[in-house]
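Colleague: In my numbering, the protein residues as written are 767 to 921.
Glycine included, C-beta positions come from ideal geometry on N, C-alpha and C.
The following block contains the structure, expressed as structure tokens.
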């Protein structure tokens, strides 16, 4: 497991298991039931995303992750503007999601520049994951980004 996937899986697991104390520690406020439920959903997404990037993920899989994290960060900024009583929690979450998005973008760039290491993930798992990522990319990644990643990967 790569370090970034391990960090993401750990964070997601914490959100799933102890959302209340984690939110209270990071924001200083007690989380209400809705906030804890949303934190658990977010935790499940982080664990799933960590599993999708095990081993040596393709640049497309990483770019999709960066896009999901960026969308999450922007949505939390919107929540901070609209919900005054959740502002601190939303801004904290926006900062965390933004850091995940930036890290994913950097990993995408580095991964597109070099071939995956041998033995990083089973070839069958890598092929299936990359096929799912490529299918999803057709729907959500801008065409220019897809072309750029494909050009970088075929060099």
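Does the structure place the stretch 864–871 close enough to the stretch 828–844 that three or more beta carbon pairs sit under 8 angstroms?
Modeller: yes
Colleague: Please state whether the Cβ-Cβ distance between residue 844 and residue 810 is less than 8 angstroms.
Modeller: no
Colleague: With a CB to CB cut of under 8 angstroms and the five nearest residues on each side skipped, what residues in its chain are close to residue 923?
Modeller: Residue 923 lies beyond the stretch modelled for the chain, which goes from 767 to 921, so this question has no answer here.
Colleague: Given this structure, state the Cα-to-Cα distance separating residue 860 from residue 847, to the nearest angstrom.
Modeller: 12 angstroms
Colleague: Please classify residue 921: does DSSP put it in a helix, a strand, or coil?
Modeller: Reliability fails at residue 921, whose pLDDT of 48 lies under 50, so the model's placement of it is uncertain and no value is given.
Colleague: Using the beta-carbon count (16 or more within 10 Å), is residue 800 buried or exposed?
Modeller: Label assigned to residue 800: exposed.
Colleague: Mind the definition here: the stretch 784–801 touches the stretch 811–818 only if three or more C-beta pairs lie below 8 angstroms; say whether that holds.
Modeller: no
Colleague: Please state if the CB of residue 813 and the CB of residue 772 are separated by a distance shorter than 8 angstroms.
Modeller: no
Colleague: Whole angstroms are fine: how far does the CA of residue 841 sit from the CA of residue 805?
Modeller: 14 angstroms
Colleague: Quick one: grab the DSSP three-state call for residue 795.
Modeller: coil
Colleague: Could you tell me the boundaries of the alpha helix (DSSP H) in which residue 781 lies?
Modeller: Counting along the chain, the alpha helix (DSSP H) containing residue 781 begins and ends at 769–783.
Colleague: Measure from the alpha carbon of residue 855 to the alpha carbon of each residue in 788, 782, 768, 783, then state which is nearest.
Modeller: 788
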